[in-house]
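Just below is one structure, and these are the notes that go with it.
There are 2 protein chains.
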Amino acid sequence: MSVTAAKGFTAAGVAAGLKESGAPDLALVVNHGPRRSAAGVFTSNRVQAAPVLWSKAVLAGGTVSAVVLNSGGANACTGPLGFQDTHATAEKAAEVLDGHSAGEIAVASTGLIGLRLPMDLLLPGVEKAAAELSPHGGEKAAIAIKTTDTTHKTAVAERTGWTVGGMAKGAGMLAPGLATMLVVVTTDADLEPAALDEALRESTRTTFDRVDSDGCMSTNDTVLLLASGASGVTPPREEFTEAVREVCADLARQLIGDAEGASKDIRIEVVNAATEDDAVEVGRSIARNNLLKCAVHGEDPNWGRVLSAIGTTSAAFEPDELNVAINDVWVCRNGSVGEDRDLVDMRYREVRITADLSAGDAGAVIWANDLTADYVHENSAYSS
Amino acid sequence: MSVTAAKGFTAAGVAAGLKESGAPDLALVVNHGPRRSAAGVFTSNRVQAAPVLWSKAVLAGGTVSAVVLNSGGANACTGPLGFQDTHATAEKAAEVLDGHSAGEIAVASTGLIGLRLPMDLLLPGVEKAAAELSPHGGEKAAIAIKTTDTTHKTAVAERTGWTVGGMAKGAGMLAPGLATMLVVVTTDADLEPAALDEALRESTRTTFDRVDSDGCMSTNDTVLLLASGASGVTPPREEFTEAVREVCADLARQLIGDAEGASKDIRIEVVNAATEDDAVEVGRSIARNNLLKCAVHGEDPNWGRVLSAIGTTSAAFEPDELNVAINDVWVCRNGSVGEDRDLVDMRYREVRITADLSAGDAGAVIWANDLTADYVHENSAYSS
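Note that the protein sequences, when read in sequence, are chains B and Y. The first sequence: position 229 = 221 (this note's numbering), numbered continuously. The second sequence: position 229 = 221 (this note's numbering), numbered continuously.
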């Protein structure tokens, strides 16, 4: 499963010693071809870690032979020397993987910002991982990129003759010890980089881009899609995009479900918006409202906080035409009191908030988490 | 002191029974003239409470004879009936204050959203307050608008022959039980509504508008400036604006210092920005970053979180030219590691973060609070 579900890939996950705990902290994913097409999407934060700058340059060529991923250090805000470290990592991988060039090796890192990586441990780790590469190594790779994730995260979409699989760690900036979402998706479909890019952008737009655990944006977020062509099948564009979207949605949902310090997963659906952009803006505003996130934690169906979050947006709506449901009880009708809030049962982990803007027929779903004392505790006791 | 520091004003604060605790919950401020000029600024939330809609209409006339303020209920999202309740409150005040019209009486409310006010208690409260009006009633009025504020908040700026004074409650949406910032500022300066409006907007722009306790925006925020003209002095425009700004800044600082659940007051100064708008955008982004707010709570000088917050803005800057100081220690230089973070002492309540964008000579100061388990606790145990 994971990144080795598709034919043409091997992977490994090893302990390089970057984590003091001795847990696995370095993963390697190798594309054995015959094709080595790739596409990537990266954080839109303007402060970008060295591996993001490196990998963006690699991806510009459309070819990726291997990906080195490490936990235990983000290599962000580390200046020119940090960039040299990333370069050296790619060079090391090229050296141990015969026939590859460093310019085709992507690198992804996660951990504390502002610290150099211990290259004396990381480079031998790359060599160790290369020695353990296996067509069954997907699980181990998924485990090695875990930081504070309680479980490793993998997903697979199987189609007739071809497959898409992937692994993920982290949820936005939520993981306190080790920021960042890292995702690698692989496929044995036979596709050009341009086709991968289109499918990946369309997929992440409605999945990872709509996961908003705590409103913070990492310096290291990376989502890569690699194609080996080993199936020999070139699926129709829409069919392929749907498979990639299925894997991304599955992984995104797992990220929210395992967000650190969270006790609730909040599914925010905005309906009857004038445009999809309006729906997304409103959904994000609700997702980022600390008072509402606290109320959800307290199992309090406080729809007034939903309305006040909607009211800060520029979306098209009339205040007295807003309707809000919490777990399907329409507690707010026409901008005022609706059904009895005591009918809302919020005991379960998943909470559904529906915001009806009465302004059109567009919609969007955003996933978020509640705000808890555990979140505060874990994120205030971080680097000290 | 407070709203009765300036000549021409009386005030009262009484217990109308809106609060179950029996604490004072209704304040009345009356302008006895000879002039009754007024200006107001209100929440920019598009979901606005009935008293905000009412008072905006009153202020459009430029004349305010009295203000009724209540805690114990926000009268927001209460529909046409809620608006009728506000209207009835103004009518009652007009009735008990001889010679005034309801159309010149502003109303402000704070408390839970989505609940009607108990008018059978509120209207007798207005009558009771009118009977207790006094030129020394400013403190009592300031006490009556307290919600979860631990102390009442007043400020005065005395000038030669004229005075500006005011009272405030709440900090943005932070107070859990009773959302909203309510502020009344009075002066005996002899000024037209247009002059008041100019001074108030210029003052709030750099004071209340730059207080960002938890990023949430209330449906009820109201700041009023009333002038009685009783001093007979018409101060120069800039001198008057400076006095109003001084009172607003004093009250704003008190709000942050008493924000519920907070253990730190964070002064974020953005320097060397290309424009003031850039500086404000960057300051707000830092102020609203939950991870950074947690780090400050934990007394962790986590400058990486400052950089990642700056990186989400559209302000002009180059990532490798950013400098960040925490309590005057430049822990980040040129986008990378600067002075030793162990030199930063964060034991005291006030924490200073300086973000140097190296992009120009504009700047701005934003005040925020940290994010604590107390905040989560108080805001999750709210209406239930």
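Positions of the beta carbon are idealized from the N, C-alpha and C atoms, including for glycine.
Nearest neighbour of Pro26(Y) by Cα position, chosen from Ala15(Y), Ala181(Y), Gly162(Y) and Arg339(Y), turns out to be Ala181(Y). In the three-state reduction of the DSSP assignment, Thr102(Y) falls in the strand class. Within a 10 Å sphere around the beta-carbon of Asp332(Y) sit fewer than 16 other beta-carbons, which makes this residue exposed. Residues of the stretch 58 to 73 of chain B that bring their beta carbon within less than 9 Å of a beta carbon in chain Y comprise Ala66, Ala68, Cys69, Thr70, Gly71, Pro72 and Leu73, in sequence order. Within the same chain, Cβ atoms closer than 6 Å to the Cβ of Ala82(Y) are found at Ala94, Ile97 and Val99, the five residues on either side in sequence being excluded. In the three-state scheme derived from DSSP, where H, G and I count as helix and E and B as strand, Gly157(B) is classed as strand.
Membership of Asn282(Y) in any beta strand (DSSP E) is not indicated; the residue belongs instead to the alpha helix (DSSP H) covering Asn282 to His289. In this structure, Ser328(B) and Thr211(Y) do not form a Cβ contact; the two beta carbons are roughly 12 Å apart against a cut-off of 8 Å. Proximity of the stretch 134 to 147 of chain Y to the stretch 227 to 234 of chain Y falls short of the contact definition, fewer than three beta-carbon pairs being nearer than 8 Å.
For Arg38(B), the neighbours in chain Y by C-beta distance under 7 Å run, in chain order, Gly303 and Pro311. Taken atom to atom, the span from the alpha-carbon of Asp362(Y) to that of Leu89(Y) is near 44 Å.
In the DSSP annotation of this structure, the continuous segment of the beta strand (DSSP E) that includes Ile345(B) starts and ends at Glu342 to Asp348. The Cβ-Cβ distance between Ala160(Y) and Leu109(Y) does not fall below 7 Å. Rounded to whole angstroms, the gap between the alpha carbons of Val262(B) and Glu273(B) is 9 Å. For the 7 Å CB-CB criterion, Thr267(B) and Ala354(B) form a contact. Rounded to the nearest angstrom, the Cβ distance from Thr179(B) to Trp154(B) is 7 Å, consistent with a contact under 8 Å. Cβ-Cβ distances below 7 Å link Thr2(B) to Thr(-4), Val22, His24, Leu125, Ser126, Pro127 and Gly129 in the same chain, with the five nearest sequence neighbours on each side left out; the list follows chain order.
The Cβ atoms of Ser101(Y) and Asn62(Y) lie closer than 7 Å to each other. For the stretch 278 to 296 of chain B, the residues whose beta carbon sits under 7 Å from a beta carbon of chain Y are, in order, Asn281, Asn282, Leu283, Cys286, Ala287, His289, Gly290, Asp292, Asn294, Trp295 and Gly296. Annotation: the continuous alpha helix (DSSP H) that includes Arg276(Y) extends over Glu268 to Ala279. For the 7 Å CB-CB criterion, Val368(Y) and Cys324(B) do not form a contact. It is roughly 9 Å from the alpha-carbon of Ala15(B) to the alpha-carbon of Ala8(B).
Among the residues of the stretch 201 to 217 of chain B, those with a Cβ less than 8 Å away from any Cβ of chain Y are Asp206, Gly207, Cys208, Met209, Ser210 and Thr211, in the order of the chain. Shortest Cα-Cα distance from Trp359(Y) to any of Ile318(Y), Ala279(Y) and Leu217(Y) involves Ala279(Y). Contact between Leu18(B) and Ala121(B) holds: CB atoms are separated by about 6 Å, below the 8 Å threshold. Counting of Cβ neighbours within 10 angstroms places Arg229(Y) among the exposed residues, the total staying below 16.
The way I'd put it, the stretch 242 to 261 of chain Y doesn't touch the stretch 338 to 345 of chain B; fewer than three beta-carbon pairs between them come closer than 8 Å. With respect to the 7 Å criterion, Asp334(B) and Ala308(B) are not classified as neighbours on the basis of their beta carbons. Using a Cβ-Cβ cut-off of 7 Å, Ser350(B) does not count as an interface residue toward chain Y, since no Cβ of chain Y sits closer than that to its own.
Interface criterion met: the Cβ of Ser300(B) is under 7 Å from a Cβ in chain Y. In its chain, beyond the 5 residues on either side, Ile358 have a beta carbon closer than 6 Å to the beta carbon of Arg202(Y).
Under the 7 Å criterion on CB atoms, Gly106(Y) is classed as interfacial with respect to chain B. One alpha carbon belongs to Ala186(B), the other to Ala265(Y), and they sit about 39 Å apart. Separation of Val321(Y) and Ala30(B) (C-alpha to C-alpha, rounded to the nearest whole angstrom) is 43 Å. Taking C-beta separations shorter than 6 Å and ignoring five residues to either side along the sequence, the partners of Gly275(Y) in its chain run Ile260, Val262, Ala356 and Ile358, following chain order. Across the stretch 354 to 372 of chain Y, CB contacts with chain B closer than 7 Å involve Leu363, Thr364, Ala365, Val368, His369, Asn371 and Ser372, in sequence order along the chain.
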